[in-house]
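Report on one structure; see the data block that follows.
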Amino acid sequence: MSYQFVPMTHEDAHVIVDWSYEGPYSFYDVASDPEDRDLFLDESKWENRSFAVYDDDGLAGFFTFAVADDVVELGLGMEPSRTGRGRGVTFVEAGLDFARERYDPQEFRLAVATFNERAIRVYESVGFEREATFQQETNGGEYEFVAMSCSATPRLNR
Numbered sequence: 001m002s003y004q005f006v007p008m009t010h011e012d013a014h015v016i017v018d019w020s021y022e023g024p025y026s027f028y029d030v031a032s033d034p035e036d037r038d039l040f041l042d043e044s045k046w047e048n049r050s051f052a053v054y055d056d057d058g059l060a061g062f063f064t065f066a067v068a069d070d071v072v073e074l075g076l077g078m079e080p081s082r083t084g085r086g087r088g089v090t091f092v093e094a095g096l097d098f099a100r101e102r103y104d105p106q107e108f109r110l111a112v113a114t115f116n117e118r119a120i121r122v123y124e125s126v127g128f129e130r131e132a133t134f135q136q137e138t139n140g141g142e143y144e145f146v147a148m149s150c151s152a153t154p155r156l157n158r
């Protein structure tokens, strides 16, 4: 699967905030938290960090990249109908490759809700390791997350 990363547009962002995930994954509905929604739609935050991801079938997901020194912190999401179908590893690897080329980092970091074992397995399969757990207020409550990191050096066994 080939992915194309393009700078986030107003249209892309408005489609993404309306995505609705099923079951416990509704936690990731951007519209469920007004602060998250407003932040996601704030075009002043997009430059060089927010990208829509397309494949042959259309809008496949998004990545955000927060760069500090030699570290890139990732945020990402896949279009709901594409989740749970074995596409996560390829999608995440594409995002890591894009970030390597664009930002030349030494390390990648991300955080994921601890209940999302499906995503954690994907992240671990591309080289991320669990670092620590922490509590974070979001979506009107407090939830446990796991911080994960990996070297930005490309893995040879892909």
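The sequence shown begins at 1 in UniProt numbering and counts up one residue at a time. Glycine included, every Cβ here is placed at the ideal spot set by N, Cα and C.
One thing to note: Phe108 has its Cβ no nearer than 7 Å to the Cβ of Phe51.
Asp56 and Ser2 have their C-alpha atoms spaced approximately 8 Å apart. With a 10 Å radius around the Cβ and a threshold of 16 neighbouring Cβ atoms, Ala31 comes out exposed. Residues of the same chain with a CB within less than 6 Å of the CB of Phe65, apart from the 5 flanking positions on each side, are Arg49, Val72 and Ala99 in chain order. Across the set Ala147, Tyr54, Met148 and Tyr143, the C-alpha of Tyr143 shows the shortest separation from the C-alpha of Tyr28. Burial state of Ser81 is exposed, judged by a 10 Å Cβ sphere holding fewer than 16 other Cβ atoms. Counting only runs of 4+ residues, the alpha helix (DSSP H) found wholly inside the UniProt domain "N-acetyltransferase" (3-153) occupies 10-17, 34-40, 88-103 and 117-125, in chain order. For the options Val53, Pro7, Gly75 and Gly23, the alpha carbon positioned closest to that of Ser44 is the one of Pro7. A straight line joining the alpha-carbon of Glu131 with that of Arg87 spans about 25 Å.
Taking the CA atoms as reference points, Asn116 sits about 17 Å from Gly127. The distance from the Cβ of Phe63 to that of Val53 is about 6 Å, consistent with a contact at the 8 Å cut-off. Its chain contains Val30, Ala31, Arg37, Phe40 and Leu41 as the residues whose beta carbon lies nearer than 7 Å to that of Val17, once the 5 sequence neighbours on both sides are disregarded; these appear in chain order. By the Cβ-count criterion, Gly61 is buried, with 16 or more other Cβ atoms from all chains shown falling within 10 Å of its own Cβ. Rounded to whole angstroms, the gap between the alpha carbons of Ser20 and Thr83 is 12 Å.
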